[in-house]
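Right, one structure below, let's go through it.
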Amino acid sequence: MRRSFRGYVVGKGPRRIAADLNRDGIPGPTGKRWNDSTIPGNRIISSGILNCELYVGVIRWNRQKKLKNPDTGHFAYRLNPEREWIRSEAPELRIVSQQLWDAAKARQDELTALYKGQIEGAREGVKRSLARNGGLNATHRPRTLLSGLLFCGCCGDSYARRGQDRYACTNHVLGNGCDNARTIAGEAL
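Using the numbering used here, the first residue of the sequence shown is number 49, and each one after it goes up by one.
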C-alpha cells in the first residue's frame with residue numbers, strides 16, 4: 049500500500065502503478081492481478097486504495113447500504129449521509145504515514161481541480177459529454193473509429209489507443225501477462 053501511495057504522490061498514474069505491481073508479482077486486494085481503477089477508486093464514495101482510511105488507522109462503518117431491486121433482483125449500493133458514518137480510531141492499524149496520506153490527498157485535489165477546469169472550459173456539448181463520462185476518462189481515452197474492433201493475436205484482449213497515434217495490447221500495457229509489445233500506427237490501420 050505504501051508503494052502505491054508513494055508512486056501516486058511522485059506523479060505515477062494508476063495504470064503505471066498497477067502495471068508495476070503486476071510485473072513484480074504482488075497480488076491485488078482480491079488475490080488476483082491489479083487493475084488501474086483499484087488505485088484511485090472513487091473519492092466521493094471513499095472507494096479505492098487512495099481513499100481507504102483504514103491505512104491511516106481509522107475504522108469506518110455505515111458508509112453505505114445495500115439495497116435489492118425487487119423487480120430485477122439486482123443489488124445496488126447507496127451512500128449514507130456522511131453524518132451517519134461511524135468512525136473509530138485504531139492507530140495500531142496505521143500503515144501509511146499522515147504525511148504520505150496528506151500528500152496523496154493534495155494530489156487528488158490538484159487533479160480534481162484540473163479536470164473540473166477542463167469541463168468548465170469546454171463547449172456546451174463537450175461539457176455534457178465530459179460530465180456524463182467522467183472528466184478523466186473522457187479527456188484521456190477518447191473513442192476512436194477503431195474502438196472495440198482490434199484484438200491482440202497473442203492473448204485475445206483488445207488493442208487500444210496508446211500515445212498520439214499508436215495502438216497496443218491492453219494486457220501488455222497493464223502488465224497482465226501478455227508479451228506482445230508491438231504497437232501499430234493508426235495510419236497503417
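Even for Gly, the Cβ is constructed at its ideal location relative to N, Cα and C.
Quick caveat: nothing in here was measured; it's all calculated off a predicted structure.
Query, Result
"Report the three-state DSSP secondary structure of T120 (helix, strand or coil).", "coil"
"Looking at C-beta atoms only, is the number of pairs between the region 76-91 and the region 101-117 that lie closer than 8 Å three or more?", "no"
"For the candidate residues E140, A124, C226 and G211, whose alpha-carbon lies nearest to that of L102?", "E140"
"Relative to the alpha-carbon of F123, which residue among Y163, Q112 and G204 has its alpha-carbon at the smallest distance?", "Q112"
"Would you grab the beta carbon distance between R108 and I134 for me? Rounded to a whole angstrom, and I think it's under 8 Å.", "7 Å"
"So what's E101 in DSSP terms, helix, strand or just coil?", "helix"
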